[in-house]
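Converting from the sequence shown to the working numbering requires adding 2 to each position, the first position being numbered 1.
All C-beta atoms, glycine included, are put in the ideal place defined by N, C-alpha and C.
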Amino acid sequence: MMRSFKLSEAIKIIPEDLEDLLVRGAYLEHSAQKLKSMHQEQSARLETVRATQPPFMFLRPKDTREAYREATLGTIQDLATIEKALFVNAKLSAYLRKISIDRLEKWMRDHCAEYRVGLAAEHYAVDWEQSLDRFIEHAKTFVRVLGSARNTAPAGYNHQKNAFSPAAYEAIKLAHTVALRVEADILATNTIAEEHDRMVGKTVFNDPMPRLVQEPYAAVVGQISGLSPTAAQAEFTRVIDAVDDLINRELDALISRVRNSGRELLGRTQGYVDEAWSQLHAHAVAHSVDRTQIEAVVAQTERLYTSDMQLMTA
Numbered sequence: 003m004m005r006s007f008k009l010s011e012a013i014k015i016i017p018e019d020l021e022d023l024l025v026r027g028a029y030l031e032h033s034a035q036k037l038k039s040m041h042q043e044q045s046a047r048l049e050t051v052r053a054t055q056p057p058f059m060f061l062r063p064k065d066t067r068e069a070y071r072e073a074t075l076g077t078i079q080d081l082a083t084i085e086k087a088l089f090v091n092a093k094l095s096a097y098l099r100k101i102s103i104d105r106l107e108k109w110m111r112d113h114c115a116e117y118r119v120g121l122a123a124e125h126y127a128v129d130w131e132q133s134l135d136r137f138i139e140h141a142k143t144f145v146r147v148l149g150s151a152r153n154t155a156p157a158g159y160n161h162q163k164n165a166f167s168p169a170a171y172e173a174i175k176l177a178h179t180v181a182l183r184v185e186a187d188i189l190a191t192n193t194i195a196e197e198h199d200r201m202v203g204k205t206v207f208n209d210p211m212p213r214l215v216q217e218p219y220a221a222v223v224g225q226i227s228g229l230s231p232t233a234a235q236a237e238f239t240r241v242i243d244a245v246d247d248l249i250n251r252e253l254d255a256l257i258s259r260v261r262n263s264g265r266e267l268l269g270r271t272q273g274y275v276d277e278a279w280s281q282l283h284a285h286a287v288a289h290s291v292d293r294t295q296i297e298a299v300v301a302q303t304e305r306l307y308t309s310d311m312q313l314m315t316a
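As C-alpha cells, this is what we get:
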C-alpha cells in the first residue's frame, strides 16, 4: 500500500497486465518516433527528386522519363505507407493509453491511500450543500417569525409592568426555538467542512471549505424580551436584516465556491491518475524497450489489440 503515488514504489507492485500495456505503449512511442524520422527523410527525398526534374520532361528520352516517374512514385508510395503506419500507431497508442489508465485508476483505488482520500472527499461538497439547504430553510423561517414577533411586540405592552403581552412572548419564544435550529444547522454545516479539511489537509487535494459564522441568534432573541418595545423592534429589525443579507448575498458566493471546488476536485483526482500514468509511461519508454524488438512487438500489439480497438470505436 502506497501512502501517495511514488514511481519507485509503484513500478514494483503494479499488476502484470497493466505493466504489459504500459510496455507496449512504450514500444509504440519508440516506433512512432522512428516512423516520423522516416517520414521526414522520405519527404526530403521527394523534394530532392522533384527539384532535379529536368525542364521539358516530355521531350526527354523515355528511359529518363521512366526513371524520374519511378523515383517519384516510389517515394510517394513509401510516404503513404509510413503515414498509414503512423495513423494506426496513433490510434492504437490512444486505445492502449485509455485502457491502461482505466486499469491504473482501479488499481490505485486499492493501493494508493492518498488517491482514495481524494475520491472520498468528493461527497463532502454534496453533504455541505444539503446541510446548507436545511440552514437556508430554517433561516427563512427565522426571518418570518422574527417579523411576526416584531409586529406583535408593541401591541398590548404593559408599560407599568414593563412587560410584553402573552402573544408577544409566545412569538419571541417561537423565534428563540427557530434560532436554536438555525444555530444547529450552522454547526452541522461547519462540522462537515471541518471533517473535509481534516481528511484532505495533508494531501495534494487540500482545499479548505468555507465556514458559516456561528452567531448567537438564540441568545440575542432571548435578550429581546427584556427590552422596551422600541428597542425590541430595532433589535428584531437588525437581526432580520443581517439574516436576510446572509441568505440573499453571502451564501451565493459560498455555494459557488463549494461547487467550483467540487468540480476542481474531480479534475484533480483525474489529474492524479493521469500524472501517475505519465510517470509510469515515461519510465517504460526509458527502461523497458529493446530497440532490436520494436517492429516485432509493435506487430504483435497490432494483432492483439486492433480488432478490440475497432470494436470500441465502431
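- In the same chain as residue 18, and ignoring 5 residues on each side of it, no C-beta atom comes closer than 6 Å to its own.
- Pairwise C-beta distances place the region 25-41 in contact with the region 282-289, as three or more of them are shorter than 8 Å.
- Of all C-beta pairs linking the region 117-132 to the region 177-197, three or more are shorter than 8 Å, placing the two stretches in contact.
- Taking all protein chains in view, the Cβ of residue 44 is crowded by 16 or more other Cβ atoms within 10 Å, so the residue is classified as buried.
- The beta-carbon distance between residue 34 and residue 267, rounded to whole angstroms, is 34 Å. This is too long to meet the 8 Å contact definition.
- Sorting 103, 3, 90, 7 by C-alpha distance to the C-alpha of residue 21 places 103 at the top.
- In the three-state reduction of the DSSP assignment, residue 141 falls in the helix class.
- In the structure shown, residue 110 adopts helical secondary structure according to DSSP, grouped into three states.
- By alpha-carbon distance to residue 179, the top candidate from 216, 239, 220 is 220.
- A distance of 8 Å or more separates the beta carbons of residue 98 and residue 308.
- Within the region 177-265, the runs of alpha helix (DSSP H) that reach at least 4 residues and sit entirely inside it are, in chain order, 219-226, 231-247.
- Taken atom to atom, the span from the alpha-carbon of residue 224 to that of residue 174 is near 8 Å.
- In the three-state reduction of the DSSP assignment, residue 160 falls in the strand class.
- In this structure, DSSP gives residue 4 an extended state, which the three-state scheme calls strand.
- The alpha-carbon separation between residue 146 and residue 237 amounts to approximately 15 Å.
- DSSP, read as helix, strand or coil, puts residue 165 in strand.
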